[in-house]
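Undergrad: Numbering (the numbering used here), first residue to last: 419 to 836.
Where a beta carbon is used, it is the ideal one built from N, C-alpha and C, also for glycine.
What follows is a single structure, and I will ask about it in a moment.
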Ligand SMILES: Cc1cc2nc3c(=O)[nH]c(=O)nc-3n(C[C@H](O)[C@H](O)[C@H](O)COP(=O)(O)OP(=O)(O)OC[C@H]3O[C@@H](n4cnc5c(N)ncnc54)[C@H](O)[C@@H]3O)c2cc1C
């Protein structure tokens, strides 16, 4: 392992003007090879600051997010604005028309996005497209598949869904029942996928199905299936507790004939493709939540300083101050884990343990800090108008999708030899 993995830990908000105070410096006592305290370069910090300013101009007023959350509405126009901001090009190599940002830069920008944009559903959706769909196509797609879908994804014209989950499998991801039987120049898909992000409006889906049921996980293959294919049906969005501004629903395949050219990777490579793409998602999809936690912290500090009870600001009550200190602790530890995992990915070092820890900690930290923010806001925090409670509803989703916290803990325990 390499010993040069130092990243400056830096905030996207007020901390930008306090870089000397908040910057962690590499120490000569760092164990060789461990990324330890890692430091962002000035270039990363500039990128982050510039994007926060640009994104706040776009998302500053929340873009009607309270109403869209209430009505469960996805905004196509906002999605296109995100594409115009270049978000859907960040992680795509230059030769494919993308910005070609490295993993750490994209992660830092995603964090900045979560700080500037209060629509957690939207930022989750952007993460799914970036890490789940684009990266999977780039890593495993044929040139024709990449040419067919990537430009439209980057322009914000196309939306992809990533479909493995089924009613009867869930955490046992490879226990799926959907089949893909070879028939001439096609595979014929039959089965149903549940709780799929973007399902009701996706233009295509990456679908996992059994091509050889007797071979267990090695008998699973992945396909790129166009939503126009006869036998492909998308069902209306589930009414969810949170992340309501991005649709989640069911996909059915009933004698759906998919050309063999739409096979992603090789026959039987489905499990490897799933593991690779899950690793991206687990590591990085929660980056916007770190930015959201910083925004939440700033809002809570401002309130604790201005709201008075018993003639003094509520922040002078130790119970409130300690709640805020814990929010800061969760934010900083989440950021450190996220940057370290991004760095390990970027430098192609083993990161399975770090990815699982990142998924656990970021999802649970955001939920816990969202609860704290409601408590600090008192009765107001419980109203939907104040837009504080929405973060808690949104945060719970991340403890489930991409593998629940229990499944991530299974991974950590197994890697510890248990
Ligand atoms: C907002 C959202 C978006 C989603 N988007 C997608 C998507 O785009 N594509 C997709 O394919 N899926 C998606 N999912 C589905 C998601 O991946 C599954 O819901 C998740 O993997 C859990 O599966 P399950 O719901 O069947 O729960 P179950 O597997 O039935 O789990 C129920 C409970 O049992 C626990 N449990 C189960 N097995 C074990 C075990 N071995 N060890 C310890 N505990 C265990 C779980 O942790 C959980 O607490 C999404 C889900 C949500 C909530």
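Just the C-alpha distance for residue 778 and residue 823, rounded to the nearest angstrom, thanks.
TA: Each residue's Cα considered, the two are about 5 Å apart.
Undergrad: Taking a contact to mean a Cβ-Cβ separation below 8 Å, would you say residue 596 touches residue 543 in this structure?
TA: It is not a contact, given that the beta carbons lie outside the stated cut-off.
Undergrad: For residue 768, tell me which candidate among 579, 795, 697 and 743 has the shortest Cα-Cα distance.
TA: Closest option to residue 768, Cα to Cα, is 697.
Undergrad: On the DSSP letters alone, give me the boundaries of the alpha helix (DSSP H) that residue 500 sits inside.
TA: First-last of the alpha helix (DSSP H) with residue 500: 494 to 502.
Undergrad: Does DSSP put residue 574 in a helix, in a strand, or in coil?
TA: Residue 574: coil per DSSP, three-state reduction.
Undergrad: Taking just the CA atoms, how far does residue 488 sit from residue 548?
TA: Going by the C-alpha atoms only, they are around 26 Å apart.
Undergrad: Looking only at its own chain, which residues have a Cβ that is under 7 Å from the Cβ of residue 746, when we skip the five neighbours before and after it?
TA: So the qualifying residues of the chain are 715.
Undergrad: Once you ignore the five residues that flank residue 557 on each side, which residues in its own chain have a CB closer than 7 Å to its CB?
TA: Answer for residue 557: 694, listed in chain order.
Undergrad: Quick check on residue 740: buried or exposed, where buried means 16 or more other Cβ atoms within 10 Å of its Cβ?
TA: Label assigned to residue 740: exposed.
Undergrad: How is residue 583 classed by DSSP in three states: helix, strand or coil?
TA: In this structure, residue 583 counts as coil in the three-state DSSP scheme.
Undergrad: Enumerate in chain order the residues of its own chain whose CB-to-CB distance from residue 522 is below 8 Å, with the five nearest sequence positions on each side excluded.
TA: Correct list, in chain order: 425, 458, 462, 757, 760, 761 and 764.
Undergrad: Can you grab the Cα-Cα spacing for the pair residue 580 / residue 550, in whole Å?
TA: The alpha-carbon atoms of residue 580 and residue 550 are separated by roughly 7 Å.
Undergrad: Are the Cβ atoms of residue 503 and residue 468 separated by less than 8 Å?
TA: No, the pair does not count as a contact, with Cβ atoms beyond the cut-off.
Undergrad: Could you pull out every unbroken beta strand (DSSP E) segment of at least 3 residues lying fully inside the stretch 609 to 634, listed in chain order?
TA: Runs found: 622 to 628.
Undergrad: Per DSSP, which one or two residues make a beta bridge with residue 667?
TA: For residue 667, which the question treats as bridged, DSSP gives the partners 614.
Undergrad: Pop quiz: residue 669 and residue 617 are said to be a contact at Cβ under 8 Å. What is the actual Cβ separation, rounded to whole angstroms?
TA: The pair is a contact, with the Cβ atoms about 5 Å apart (cut-off 8 Å).
Undergrad: With a threshold of 8 Å on Cβ separation, who are the neighbours of residue 719 within its own chain once the five nearest residues in sequence on each side are excluded?
TA: Answer for residue 719: 733 and 742, listed in chain order.
Undergrad: Please state whether DSSP places residue 725 in a helix, a strand or coil.
TA: Reduced to three states, the DSSP call for residue 725 is coil.
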